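Q: Can you keep this structure in mind? I'll have questions shortly.
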Amino acid sequence: MTAQIASIPWASPAAQYQAHQAEIKAAIARVLDSGFFVLGEEVEKFERAFAQYCGVAYGVGVASGTDALELAMRALGIGPGDEVITVSHTAVATAAAVLACGATPVLVDVEDACYTLDPAKIEAAITPRTKALVPVHLYGQAADMDAILALARARGLRVIEDCAQCTGGRYGARRLGSLADIACFSFYPTKNLGAIGDGGIVVTSDADLAARVRRLRQYGWDEARKTHEVGRNSRLDPMQAAILSAKLPHLDADNARRAAIAARYDRGLAGTSFVLPAARANATHVYHLYVLRCDARSRLMAHLRADQIGSAVHYAEPVHVQKGYAEKSVLPKDGLPVTSAIVDKILSLPMYPELTDDQADRVIASLRRYDGSR
């Protein structure tokens with residue numbers, strides 16, 4: 223009897239849990255035994271540890287990465303009538319947060335190699351209503367922050383880093399999340415630092431911004447439960463904070479493993495017809511995703527599926543064509559040619575720290591067989 227070949231998923235939060243199971247179970251038990259289930263010491267401990275990890279002064283835990291973006295924008299005073307420049311090639315959450323503030327997303331194109339906000343496209347998108355820029359560090363890759371920050375300073379604009387996919391990455395010697403006015407992270411289970419459920423955090427070195435986000439996440443209350451403005455309910459759960467505290471010390475090692483898998487893919491797929499991901503020279507790519515470009519993507523995905531290999535598309539539809547967002551976003555007159563060119567070609571391969579070398583080699587062999595049969 224032929225042994226069944228195990229499938230290889232494109233992501234595996236379950237494998238991440240199993241890798242750190244004892245520490246996670248101990249963290250959960252600690253919260254349950256404490257009897258304190260909203261905010262409190264576990265959240266404060268994680269906020270301090272994560273802020274220190276990022277190289278900033280303050281962290282404010284919230285319910286999701288999307289909430290982190292919305293509350294960061296509101297803390298900066300962004301609201302109705304304002305415009306926020308960002309990209310269309312991103313998770314729709316980026317634009318959803320802009321709209322949740324009552325502001326308008328102004329969508330510009332990405333760079334062809336790195337898929338991040340193209341600084342050369344920003345100037346033409348600025349109007350008197352522009353309030354901020356939101357560069358998205360996509361797939362684990364840093365945006366061109368030198369150029370973006372220089373332009374923002376020259377034009378008096380605020381900058382919010384969308385770090386949902388880059389936890390642990392660096393730009394030069396600094397951690398992503400420490401470069402702009404304020405930065406936002408997601409702890410969705412598939413992220414480099416993932417919770418077992420939703421979660422997010424806002425980080426900054428600006429004490430006033432941190433204090434305002436802290437109020438906004440809980441009805442506008444200060445420490446005496448006196449309101450200063452209208453807020454909402456978006457609190458990082460202490461169970462998730464404890465789990466994240468258990469996993470944070472492993473993040474750098476996990477990211478190093480992701481980089482090793484990416485290097486293995488790079489070597490194994492060299493010379494094929496696939497366009498492999500580029501890495502920005504002055505940054506550390508943490509490979510939240512390993513995204514290549516290919517022709518006939520549906521056929522390739524079917525081929526991988528037949529070989530018991532998972533794959534995914536990030537993202538199948540850019541923001542500017544999605545119903546509800548298309549009608550409320552502003553586009554440049556010449557459209558988004560790079561975004562439009564790549565959207566039908568991008569494909570995410572299996573990428574998570576627990577992926578073994580043998581599994582990565584199976585992915586490579588399957589892709590090479592497909593490429594050779596074309």
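So the sequence shown is numbered by the numbering used here: it starts at 223 and just counts up by one. The beta carbon of each residue, even a glycine, is placed where N, CA and C say it ideally should be. Computed from a predicted structure; not experimentally measured.
Between aspartate 474 and the rest of its own chain, which residues show a CB-CB distance below 7 Å, the 5 nearest in sequence each way excluded?
A: Taking the sequence shown and counting its residues from 1, one reaches residue 474 at position 252. Cβ neighbours of aspartate 474 beyond the five flanking positions: Gly390.
Q: What are the residues that DSSP puts in a beta bridge with proline 327?
A: In the sequence shown, residue 327 corresponds to position 105, counting from 1. Val306.
Q: Identify whether alanine 354 lies in helix, strand or coil by the three-state DSSP scheme.
A: As a position in the sequence shown, residue 354 is number 132, starting the count at 1. DSSP places alanine 354 in strand when its eight states are reduced to three.
Q: If contact is defined by three or more beta carbon pairs under 8 Å, each pair taking one atom from either stretch, is the segment 393-407 in contact with the segment 450-469?
A: no
Q: Pull up the distance between the alpha-carbon of methionine 223 and that of arginine 584, whole angstroms please.
A: For this step, residue 223 is matched to residue 1 along the sequence shown. For this step, residue 584 is matched to residue 362 along the sequence shown. Note on methionine 223: pLDDT 42, under 50, position unreliable in the model; no value is reported.
Q: Starting from isoleucine 382 and walking both ways along the beta strand (DSSP E), at which residues does that stretch end?
A: Here residue 382 corresponds to residue number 160 of the sequence shown, with the count starting at 1. Here the beta strand (DSSP E) through isoleucine 382 covers 380-384.
Q: By how many angstroms is the C-alpha of arginine 521 removed from the C-alpha of leucine 498?
A: For the purposes of this step, residue 498 is identified with residue 276 of the sequence shown, where counting begins at 1. For the purposes of this step, residue 521 is identified with residue 299 of the sequence shown, where counting begins at 1. Their backbone Cα atoms lie some 18 Å apart in a straight line.
Q: Tell me the DSSP secondary structure of arginine 590 in three-state form.
A: Mapped onto the sequence shown, residue 590 falls at position 368. The answer is helix: DSSP assigns arginine 590 an H, G or I state.
Q: Relative to the C-alpha of asparagine 477, which residue among Ser467, Val424, Lys448, Lys413 is closest?
A: Stepping through the sequence shown from its first residue, residue 477 is reached at position 255. For the residues Ser467, Val424, Lys448, Lys413, the minimum Cα distance to asparagine 477 belongs to Lys413.
Q: Out of Leu291, Arg527, Arg590, which one is the CA nearest neighbour of aspartate 384?
A: The count along the sequence shown starts at 1 and reaches residue 384 at position 162. Of the candidates Leu291, Arg527, Arg590, the one whose C-alpha sits nearest the C-alpha of aspartate 384 is Leu291.
Q: Given this structure, state the Cα-to-Cα distance separating alanine 548 from glutamine 387, to the nearest angstrom.
A: Within the sequence shown, the letter at position 326 stands for residue 548. Within the sequence shown, the letter at position 165 stands for residue 387. Computed Cα separation, rounded: 23 Å.
Q: Is it right to say isoleucine 227 is buried, meaning 16 or more other beta carbons lie within 10 angstroms of its own, or is it exposed?
A: In the sequence shown, the residue the question calls residue 227 occupies position 5. The residue is exposed, with fewer than 16 neighbouring Cβ atoms inside 10 Å.
Q: Would you grab the beta carbon distance between threonine 288 and alanine 315 for me? Rounded to a whole angstrom, and I think it's under 8 Å.
A: The residue you call residue 288 lines up with position 66 of the sequence shown. The residue you call residue 315 lines up with position 93 of the sequence shown. Right, the Cβ-Cβ distance comes to about 4 Å (below 8 Å), so this counts as a contact.
Q: In the structure shown, what three-state DSSP assignment does glycine 422 receive?
A: Taking the sequence shown and counting its residues from 1, the one referred to as residue 422 is at position 200. Residue state, collapsed to three classes: strand.
Q: According to DSSP, simplified to helix, strand and coil, what is isoleucine 564?
A: In the sequence shown, counting from the first residue as 1, residue 564 sits at position 342. If DSSP states are grouped into helix, strand and coil, isoleucine 564 belongs with the helices.
Q: Quick one: complete alpha helix (DSSP H) runs, 4+ long, within the segment 437-481?
A: 460-469
Q: Return no unless some Cβ of chain B is closer than 7 Å to the Cβ of threonine 578.
A: Of the protein chains in this structure there is only one, and it is not chain B.
Q: Can you list, in chain order, the stretches of the alpha helix (DSSP H) that have 4 or more residues and sit fully within the segment 486-573?
A: Within the segment 486-573, the complete alpha helix (DSSP H) runs of at least 4 residues are 519-528, 559-564.
Q: Leucine 254: buried (16+ other C-beta within 10 angstroms of its C-beta) or exposed?
A: For the purposes of this step, residue 254 is taken as residue 32 along the sequence shown, with counting starting at 1. By the neighbour-count rule (16 or more Cβ atoms within 10 Å), leucine 254 is not buried but exposed.
Q: Out of curiosity, what's the CA-to-CA distance linking cysteine 336 and leucine 360?
A: In the sequence shown, counting from the first residue as 1, residue 336 sits at position 114. In the sequence shown, counting from the first residue as 1, residue 360 sits at position 138. The alpha-carbon of cysteine 336 is positioned some 8 Å away from that of leucine 360.
Q: Does aspartate 331 pass the burial test, meaning 16 or more other C-beta atoms within 10 Å, or should it be called exposed?
A: The residue you call residue 331 lines up with position 109 of the sequence shown. With a threshold of 16 other beta carbon atoms within 10 Å, aspartate 331 meets it and is buried.
Q: So, alanine 463 versus valine 265, is the Cβ gap smaller than 7 Å?
A: In the sequence shown, the residue the question calls residue 463 occupies position 241. In the sequence shown, the residue the question calls residue 265 occupies position 43. Contact flag set, yes.
Q: Measuring CA to CA, which of Gln274, Ala364, Pro327 is closest to isoleucine 300?
A: Reading the sequence shown from its first residue, position 78 is the one you call residue 300. For the residues Gln274, Ala364, Pro327, the minimum Cα distance to isoleucine 300 belongs to Pro327.
Q: Would glycine 416 pass as a contact of phenylalanine 409 if the rule is Cβ separation under 7 Å?
A: Residue 416 sits at position 194 when you count from the first residue of the sequence shown. Residue 409 sits at position 187 when you count from the first residue of the sequence shown. Taking 7 Å as the Cβ cut-off, glycine 416 and phenylalanine 409 qualify as a contacting pair.
Q: Return the Cβ separation of glutamate 269 and glycine 281 in integer angstroms, given the expectation that the two are a contact with Cβ distance under 8 Å.
A: Within the sequence shown, numbered from 1, the residue matching residue 269 stands at position 47. Within the sequence shown, numbered from 1, the residue matching residue 281 stands at position 59. Contact holds; Cβ gap of about 4 Å.
Q: If you drop the 5 nearest sequence neighbours on each side, which residues of the same chain put their C-beta closer than 6 Å to that of leucine 261?
A: The sequence position of residue 261 within the sequence shown is 39, counting from 1. These residues qualify, in order along the chain: Arg457.
Q: Just checking, does the segment 530-538 make contact with the segment 567-577 on the three C-beta pairs under 8 Å criterion?
A: yes
Q: Tell me tyrosine 393's beta-bridge partners as DSSP assigns them.
A: Position 171 of the sequence shown, counting from 1, holds the residue named residue 393. According to DSSP, which records beta bridges pairwise, tyrosine 393 is partnered with Arg396, Ala505.
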